[in-house]
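The structure appears right after this line, and notes come after that.
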Amino acid sequence: MYRYFFIAIVSYCLIYCSLLGQELPIKINSVTISGNNSIPQKELMPLLRQRPSNFSFTFKGTSFNNRLLKMDAITIKNYFISKGFLLVDVKESYEIIDKKADINFNIVEGKQFFVSKVMISGNQNLSGIQIKKILNLWEGEPFNGVLLNERVAELQKRLEYFSRLFSTIEIEPIISDSVEVIIVINEGEDVYINNTFIEGIEVSDSSLVFRELLYTLGDYYDPEIIEKSKRRLRETGIYSMVNLVPVKVADSDSLVNIIVSLNKYKQREWLSIGGYEPIEFYEGLDPLPALGGFIEWRNRSIFKTNSNFSTKFLIGFPWETNFNLPRLRYDIGFDTNWILGIRWPTKVSSFYETLINYDQENIDQVERYGLEMSQMTMLDERSYFQNITVWENFSDNNTNDYLISGIDSLDLNQNSRSVKNLQQRSLSFRFHLDKKDDPLFPKKGYLFDIYLKSTGYFLGGERDYRKLDFSLSFFHSITKKFILATRVKVGRLWSWNQSDIDYSYEKFYLGGSSNMRGWEILKYKTEDGSSGTPVGGIYRYLNNVELRIQLNESLGINIFYDGGILSDNYQDFIKGQMGWNTGFGLTISTPLGPARLDYAIPFLDDNIKIKNGKINFGVQYLF
Numbered sequence: 009m010y011r012y013f014f015i016a017i018v019s020y021c022l023i024y025c026s027l028l029g030q031e032l033p034i035k036i037n038s039v040t041i042s043g044n045n046s047i048p049q050k051e052l053m054p055l056l057r058q059r060p061s062n063f064s065f066t067f068k069g070t071s072f073n074n075r076l077l078k079m080d081a082i083t084i085k086n087y088f089i090s091k092g093f094l095l096v097d098v099k100e101s102y103e104i105i106d107k108k109a110d111i112n113f114n115i116v117e118g119k120q121f122f123v124s125k126v127m128i129s130g131n132q133n134l135s136g137i138q139i140k141k142i143l144n145l146w147e148g149e150p151f152n153g154v155l156l157n158e159r160v161a162e163l164q165k166r167l168e169y170f171s172r173l174f175s176t177i178e179i180e181p182i183i184s185d186s187v188e189v190i191i192v193i194n195e196g197e198d199v200y201i202n203n204t205f206i207e208g209i210e211v212s213d214s215s216l217v218f219r220e221l222l223y224t225l226g227d228y229y230d231p232e233i234i235e236k237s238k239r240r241l242r243e244t245g246i247y248s249m250v251n252l253v254p255v256k257v258a259d260s261d262s263l264v265n266i267i268v269s270l271n272k273y274k275q276r277e278w279l280s281i282g283g284y285e286p287i288e289f290y291e292g293l294d295p296l297p298a299l300g301g302f303i304e305w306r307n308r309s310i311f312k313t314n315s316n317f318s319t320k321f322l323i324g325f326p327w328e329t330n331f332n333l334p335r336l337r338y339d340i341g342f343d344t345n346w347i348l349g350i351r352w353p354t355k356v357s358s359f360y361e362t363l364i365n366y367d368q369e370n371i372d373q374v375e376r377y378g379l380e381m382s383q384m385t386m387l388d389e390r391s392y393f394q395n396i397t398v399w400e401n402f403s404d405n406n407t408n409d410y411l412i413s414g415i416d417s418l419d420l421n422q423n424s425r426s427v428k429n430l431q432q433r434s435l436s437f438r439f440h441l442d443k444k445d446d447p448l449f450p451k452k453g454y455l456f457d458i459y460l461k462s463t464g465y466f467l468g469g470e471r472d473y474r475k476l477d478f479s480l481s482f483f484h485s486i487t488k489k490f491i492l493a494t495r496v497k498v499g500r501l502w503s504w505n506q507s508d509i510d511y512s513y514e515k516f517y518l519g520g521s522s523n524m525r526g527w528e529i530l531k532y533k534t535e536d537g538s539s540g541t542p543v544g545g546i547y548r549y550l551n552n553v554e555l556r557i558q559l560n561e562s563l564g565i566n567i568f569y570d571g572g573i574l575s576d577n578y579q580d581f582i583k584g585q586m587g588w589n590t591g592f593g594l595t596i597s598t599p600l601g602p603a604r605l606d607y608a609i610p611f612l613d614d615n616i617k618i619k620n621g622k623i624n625f626g627v628q629y630l631f
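Count along the sequence shown from 1, then add 8; that gives the number in the working numbering.
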């Protein structure tokens, strides 16, 4: 025992002595910048790596590092050069007192040089104005040599769209009292495709690749055709990596070989995911935050063709609603890009789906099973046109007409059971145009989506109705850190030839983290806003306005305003009282997108407060 005690004492002494021998880190006390007459300090300070803690969103100070200090001096110098101060000189110095560093940058700006003339020669496919715009090079503006060097690659890329793969660009600035820029372009010859070589797959699979390529040997090289061919190969679902690279043919300035590089997914595999999963529980309702997941078995190249077979089981439980409403769905599907030698991406699947409510003494269950066929045409990476045809059997076995059937006429004291069994035929179309600059963190662009569904009428079945759902979102970057996002959604449900049709299963709803964040899920338009039966509508209007403030790379603040209205009557929809909420939230960047925590307070027109605020959690921005 004494031996172990002695060892512990010795170990403690050794650790203590080693700590005494270590120097404590030097903290940065202050940073001053002098000599900057043209550029204010507040513009320069965010560029620095060495700065006091009060200039960052961290709670601990930054340790002094002489190497980083010298890099900061170079950064300041390059920034001044980018503003036309070509002769700028930056000297860094520091003083350390009591383990605290005071840093100073002394700047001698020198003369600011402006562009007096831009002379361009050799350009055939791009005008002088277009070239100036690409290079951001204009007479009368400060000469930015840093940006000019960066934009040359963009100009080269633009010339490739005119089949000028081997163009050369020479830029010579002549500096006197001002800067004259001489740009000499040699676009080279038109380029044609000589041959195609495939790497990364078996020779036997090459025919499956060639049928997806939109060019033939001898064709004029067109970057758009190459990009579309890449997209078609990715759409097969067989290849995890697709790349088409033009390689110059030796001793030729007009011929290229296309190298197709591919990596295949595992042909047969199990796929599964669980956890947070937004799930569309029934039509008219935006995907609800849910706990759930799926398990799937897939054969990505059945019979060694570009066809897929899959079987999938999905389960989900929403966490925002008072109704215990799990969703179960089972699919067996087959999809292919080619039918009878015609490229027509199609998926055919049989499905069984059930929604069960256990919140009453008697179990209420909605079942759907049938056959679904869909075709999708990709317009680009994130935009598409889709049509879906569904033949289904629909059954609703419930007590009190609860939740799904007869929502608007619910009588909780009624103890009757209704059973509905009917067949339904539907054809739907969706046009989805995604022009956001980033799928997860958009700063500019727009998203347009329109969905039209027709049930019955010429399709047959026991239900006749039409459904329209329109959505338009805009994103605008006010500053580098301030993004304004807006969305409008409009929905309409109406019959072909029936005035008394039961719309209950297809109605629109509002509330919850998916649209109006201050209202309980499915509880918009209840008497007190917090309890009661969900009230849907055949008319829906929703608007969202959100100011997103990015504090740093991982943390942001959102200030938002949501408003909407539901109704079964057009006059009430136009003149009725709207529901609103206002609030704020935090977002944290994750690999899956922003995880957000929102707090919102609901109210009606005339600022009539309904209840206390509501907290929502979600993954991905609301829109």
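Beta carbons: idealized from backbone N, C-alpha and C, even for Gly. All figures in this text were calculated on a predicted structure; none of them were measured in a lab.
By the Cβ-count criterion, Tyr-228 is exposed, with fewer than 16 other Cβ atoms from all chains shown falling within 10 Å of its own Cβ. Glu-380 is a Cβ neighbour of Ser-358, given a cutoff of 9 angstroms.
Under the three-state reduction of DSSP output, Val-496 falls in the strand class.
Partner residues in the beta bridge of Leu-322, as assigned by DSSP, are Phe-302 and Arg-337. In the same chain as Gln-49, and ignoring 5 residues on each side of it, the C-beta atoms closer than 7 angstroms to its own belong to Ile-41, in chain order. With fewer than 16 other beta carbons inside 10 angstroms of its own, Val-154 counts as exposed. In this structure Ala-81 touches Glu-100 by the C-beta definition: roughly 4 angstroms separates them, less than 8 angstroms. Arg-390 is the residue among Arg-390, Leu-467 and Asp-457 whose C-alpha sits nearest the C-alpha of Asp-445.
The beta carbon of Pro-599 is closer than 7 angstroms to none in its chain, skipping five residues each way along the sequence. Residue burial is scored here from C-beta neighbours: Val-374 has at least 16 other C-beta atoms within 10 angstroms and is therefore classed as buried.
Closest option to Lys-141, judged by alpha-carbon separation, among Leu-156, Gly-301 and Pro-326: Leu-156.
The alpha-carbon of Phe-72 is positioned some 37 angstroms away from that of Val-160. Collapsing the DSSP output to three states places Phe-611 in a strand. Around the beta carbon of Leu-518, a 10 Å sphere encloses 16 or more other beta carbons of the protein chains shown; the residue is thus reported as buried. In this structure, the beta-carbon distance from Tyr-247 to Tyr-223 does not fall below 9 angstroms. Among the bridge pairs identified by DSSP, Phe-437 is matched with Asn-395 and Leu-460. Around the C-beta of Lys-238, 16 or more other C-beta atoms lie within 10 Å, and the residue is accordingly described as buried. Excluding residues up to 5 positions away in sequence, Ser-403 lie with their Cβ nearer than 6 angstroms to the Cβ of Asn-429 in the same chain. Residue range 153–168 is occupied by the alpha helix (DSSP H) that includes Asn-157.
CA-CA distance, Gly-545 to Asp-213, rounds to 53 angstroms. Segment contact: the segment 550–559 against the segment 603–613, fewer than three CB-CB distances shorter than 8 angstroms; contact not assigned. For Phe-88, no beta strand (DSSP E) segment is defined; the enclosing uninterrupted segment is the alpha helix (DSSP H) at 74–90.
Taken through DSSP and simplified to helix, strand or coil, Glu-243 comes out as helix.
Residues Met-381 and Leu-435 of the same chain have their beta carbon placed closer than 6 angstroms to that of Thr-397, with the five preceding and five following residues left out of the count.
At a cut-off of 3 residues, the continuous stretches assigned as beta strand (DSSP E) that sit fully inside the segment 85–124 are 97–105 and 108–116. Looking from the CA of Leu-56, the closest CA among Val-496, Phe-449 and Met-79 belongs to Met-79. In summary, Pro-602 is buried, with 16 or more beta-carbon neighbours lying within 10 Å of its beta-carbon over all protein chains present.
A distance of 9 angstroms or more separates the beta carbons of Ser-129 and Glu-188.
For a cut-off of 8 angstroms, the C-beta gap from Ile-567 to Phe-490 is around 10 angstroms, too long to register as a contact.
For Val-627, DSSP records a beta bridge to Ala-603. Excluding sequence positions up to five before and after Asp-261, its CB lies within less than 7 angstroms of the CB of Phe-174, Gly-196 and Glu-197, all in the same chain and listed in chain order. Each residue's CA atom was taken as its position, placing Met-524 and Arg-351 some 42 angstroms apart.
Judged by DSSP secondary structure, Tyr-578 falls within the alpha helix (DSSP H) whose first and last residues are 578–583. The three-state secondary structure of Val-199, taken from DSSP, is coil. Straight across, the Cα-Cα distance linking Leu-270 with Ser-521 is about 41 angstroms.
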